[in-house]
Amino acid sequence: MIRVGFWQRIFPVMWAVLLVYAQEAGAVENPFDQANRWYQQGRYEEALQAYTRAVQQFPHLGKNSLMISSKIGICFFETGQYGKAHRLFALLSRKPSSIRDFLRFYQIQSHLKADPDGMPIGTLRDFESRFPESPLAPVADSLLGAYYLEKGMLDSSVYYYRRVLMRALRPHPAIYARLFRISLQQGAFAAAESYAKTVLQKFPQDTSARAMYAWLSERFFQTGNASLFRLLFDYLLRSGQLSRASDLLERYASRWGKTEMFYGYRLRWLYQSRQYRAVVQMVHQKRRYFRQQRYLRDADLYLARAYLRLGQRKQSIQAYLQFQKRYPRDKLAAEVLWKVAWLYEEQWAFDRAQKIYRQLARQYPRSRYGTEARFREGLIAYRKMAYRKARTLWEHHLKRERDADAQMRLRYWIAKTYLKEGDYLTYLERLGELARHPFQTYYNLKAYLLTRDGQGVHQRIDSILWNIHREQLSVLPHYLTELERCIYIQEIFGPRFLELEYRYLLRNGPTEDWQFLYALGELQERWGNYGRAFRLFRRVFFQEFVKQDWEDQLFLFKRLYPLYYYDLIMENARRWELSPALLLAIMKKESAFETRITSYANAYGLMQLIPPTAEQVSRQLGEPLKNNFQLFDPARNILLGSYYFKSLLKRYKGNVYYALAAYNAGPNRVDRWSKVLSTEDDDFFMENIEFEQTRRYVRVVMRYYWTYSLLLHPGRVPAELLVFPEKIVNQMESNSGEELDETF
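In terms of the working numbering, the sequence shown opens at residue 3 and continues consecutively.
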């Protein structure tokens with residue numbers, strides 16, 4: 003028999019979830035609906051009044067519902083009624099519940115607000131002992147650290163702040179800054195140096211970093227520690243403080259003279275400052291004075307790079323080859339050979355490029371550049387229209403290739419050699435073999451699409467795509483008890499506290515159970531946390547289903563290709579005459595549907611726009627950008643991103659490959675690549691994109707785009723591929739006559 007206590011715990015959770023379903027279904031409003039809406043909007047005064055009226059109408063529910071009582075407590079807290087909030091949270095925290103730590107924490111916060119001078123030390127310590135595993139424990143530690151710091155009890159303050167660093171999932175630089183200042187007060191200079199180094203290395207853009215740099219630089223000139231100088235110099239370059247880096251070098255020279263170390267860092271500074279002629283001059287003048295391997299190595303590498311920046315390709319190639327010869331085991335040696343081969347290809351020196359590719363594959367067979375070199379050796383033969391030779395090379399490499407994706411790539415290009423030779427039957431036969439697993443790689447999916455006739459010749463796969471939207475799997479109802487705490491935290495305390503719980507849960511929860519992760523993803527999806535939901539579904543895929551055929555995971559397949567922000571997508575697709583599938587594909591690749599995300603390249607939001615581009619596009623639309631934080635707004639980001647992509651499509655006459663490459667690497671680079679390599683073969687253009695990251699980006703987004711197209715419009719071939727099968731069929735009809743009916 004189920005205990006009554008179970009229903010007392012689970013009923014409010016079920017009620018909260020059912021409210022979501024009821025609102026989606028347009029059910030009749032209950033007395034708590036308006037209160038909940040005002041609460042979610044942060045209108046706590048109106049929410050408190052509405053809750054009071056609703057509780058008067060349903061006193062039993064108000065008295066026994068932890069969720070309603072807790073929300074009333076938050077309303078008291080947010081409207082400044084701290085005494086009432088303290089009493090209510092004290093009462094609630096005495097009762098057994100899954101969120102006692104949060105209730106207790108708000109009891110403490112209410113006490114602090116009501117009496118700022120009366121820090122409840124005993125209550126905070128009690129919180130530590132009663133809830134040691136709570137995600138709020140680091141917050142309590144921080145409060146204790148601040149209290150003891152204010153009282154001048156530095157050892158106790160250090161103890162609690164260090165506990166914050168040990169227990170917090172993402173330590174804030176402010177904690178390191180406080181520990182740094184306390185260590186200086188205590189005269190613990192070694193500890194202060196350690197904290198300052200951490201901030202400069204991990205948080206170079208933080209406002210506290212400059213003060214720590216100033217202290218560390220003085221410490222360097224006292225000790226002369228070379229590793230400390232390296233850290234200081236790296237920090238200045240990473241944070242863009244080139245003038246201060248120059249000042250640091252000059253101060254070093256005035257103290258110790260222009261040593262080998264000075265010239266080594268001076269060379270690096272010149273290159274970062276884009277003074278490429280000065281780099282070349284300095285290497286020629288000073289290289290013979292270098293004795294340490296690291297400075298010799300850097301000088302040789304910067305020389306090759308500077309020549310290339312100056313447009314002196316012949317000298318750059320010679321310098322790169324000299325670098326590889328001198329340092330064959332260097333971590334960049336394989337990449338250097340790769341760069342040389344590319345430079346030869348750009349000069350149409352294909353024989354020399356092939357020679358370098360063979361050397362690269364021979365010397366570095368296990369590197370990623372070795373794999374690429376084996377492919378490009380055949381691609382050069384293909385480029386020279388030696389299709390049989392290209393096929394022979396690729397078939398030879400195919401026998402030794404272990405990577406499944408690389409195998410699909412080779413098979414696809416082997417098929418293309420038959421097309422070039424006019425052997426259409428063999429070409430389609432080879433594509434058909436790839437098409438059996440359409441969603442494995444870009445090459446498989448394109449083969450699947452190219453072997454359609456515009457009406458749908460792959461009946462089995464077509465029927466699956468038609469029915470995929472009927473595949474429904476929801477495990478959330480089975481995990482309500484496990485996720486009860488998450489539901490309470492989101493509904494009562496909001497997304498900021500849910501983030502703490504979410505991180506803690508992923509580190510300490512039953513994450514080996516994929517259904518638990520799936521249920522958590524469903525919950526995040528219902529709350530509109532689409533980026534987090536997508537990451538959870540993707541984790542389920544890699545944890546449990548990555549080796550299974552896509553047909554065995556249809557319920558998950560559509561979760562991996564979700565239609566998040568679909569109304570905004572459709573609005574902009576219609577406005578700019580774009581494919582919604584293409585916009586979804588770009589968004590999936592760029593941000594994984596995370597709205598508040600910033601990349602290493604300083605790109606913002608769903609479609610990862612860099613501020614200069616966003617400002618330019620905003621002006622063109624007559625809606626100037628006030629600040630970069632506006633790019634976190636989904637509507638604004640999708641508007642600007644879709645308009646910008648439309649302008650790229652227009653620039654490249656509707657070619658999606660070129661537009662995607664420009665979206666990733668910039669239009670100026672694509673303009674240069676298109677001049678060096680004039681081709682109508684999109685595959686060939688893609689494989690000859692200079693940057694591996696951009697090549698991979700175009701491949702992935704095109705695969706996402708075609709997949710979304712098939713999910714949105716099963717049986718329809720994307721427009722840019724529709725003509726191609728018909729062209730092949732027409733050519734086969736003219737070549738093989740009546741044999742066509744027998745073949746098909």
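Where a beta carbon is used, it is the ideal one built from N, C-alpha and C, also for glycine.
Query, Result
"Own chain partners of Ser593 with C-beta closer than 8 Å, once the 5 adjacent residues on each side are dropped", "Gly533, Ile599, Gly607, Leu608, Met609 and Gln610"
"Coil, strand or helix - Leu642 by DSSP", "helix"
"Run of the alpha helix (DSSP H) containing Val477, from where it starts to where it stops", "Counting along the chain, Val477 falls outside any alpha helix (DSSP H), and DSSP gives it neither H nor E."
"Beta-bridge partners of Met611, as assigned by DSSP", "It is worth fixing the name first, because residue 611 is Leu in this sequence and not Met. Beta-bridge pairing links Leu611 to Tyr606."
"Own chain, CB closer than 6 Å to Leu339, minus 5 neighbours either side, in chain order", "Gln326, Ile358 and Leu362"
"Where Ile123 falls, given that 16 or more other Cβ within 10 Å makes a residue buried", "exposed"
"Complete runs of the alpha helix (DSSP H) confined to the region 285 to 332 [at least 4 residues]", "295 to 311 and 315 to 328"
"Rounded straight-line distance, which links the Cα of Phe292 to that of Leu298", "6 Å"
"Coil, strand or helix - Thr600 by DSSP", "strand"
"Anticipated Cβ contact below 8 Å, Leu662 with Val703, distance rounded", "5 Å"
"Contained alpha helix (DSSP H) runs [length at least 4] in the region 48 to 130, N- to C-terminal order", "61 to 66, 68 to 80, 84 to 95 and 102 to 116"
"Best match in Tyr445, Lys341 and Gln349 for proximity to Tyr371 [C-alpha to C-alpha]", "Lys341"
"Sub-8 Å separation of Tyr84 and Ala116 beta-carbons", "yes"
"Where Thr453 falls: helix, strand or coil (DSSP)", "coil"
"Buried versus exposed call for His480 [16 or more other C-beta atoms within 10 Å across all chains shown]", "exposed"
"Phe631 in three-state terms, based on DSSP", "helix"
"Three-state class that DSSP yields for Ile691 in the structure shown", "coil"
"Same chain, Cβ closer than 7 Å to Ile494, five either side skipped, listed in chain order", "Met69, Ser72, Lys73 and Ile76"
"Sequence-distant residues of the same chain with beta carbon closer than 8 Å to Tyr665, five excluded per side", "Ile588, Tyr646, Phe647 and Leu650"
"Same chain, Cβ closer than 7 Å to Arg212, neighbours up to 5 away in sequence not counted", "none"
"Euclidean distance between Cα positions of Phe34 and Gln42", "12 Å"
"Which listed residue (Tyr267, Tyr108 and Trp396) has its alpha carbon closest to that of Ile491", "Tyr108"
"Nearest residue (CA-CA) to Ala637, options Ala194, Glu573 and Tyr420", "Glu573"
"Sequence-distant residues of the same chain with beta carbon closer than 6 Å to Phe133, five excluded per side", "Asp103"
"Residue of Tyr329, Glu379 and Gln365 minimising C-alpha distance to Phe352", "Glu379"
"Tyr563 vs Phe595 beta-carbon contact at 8 Å", "no"
"Ala37 (DSSP reduced to helix, strand or coil)", "helix"
"Unbroken alpha helix (DSSP H) run spanning Asn510, endpoints", "Pro497 to Asn510"
"Exposed unless 16 or more other CB atoms sit within 10 angstroms - verdict on Lys153", "exposed"
"Any alpha helix (DSSP H) of 4 or more consecutive residues that is wholly inside the region 168 to 242", "175 to 188, 191 to 204, 211 to 225 and 228 to 240"
"Among Val658, Phe693 and Ile319, nearest to Arg674 - alpha-carbon criterion", "Phe693"
"His399 - DSSP class collapsed to helix/strand/coil", "helix"
"Under 8 Å between C-beta atoms of Ala343 and Tyr366", "no"
"Own chain partners of Glu262 with C-beta closer than 7 Å, once the 5 adjacent residues on each side are dropped", "Tyr291, Phe292, Arg293, Gln294 and Tyr297"
"Nearest to Arg279 (by Cα), restricted to the options Leu433, Leu310, Phe441 and Glu524", "Leu310"
"Presumed contact (8 Å Cβ cut-off) between Leu712 and Leu467, rounded CB distance", "5 Å"
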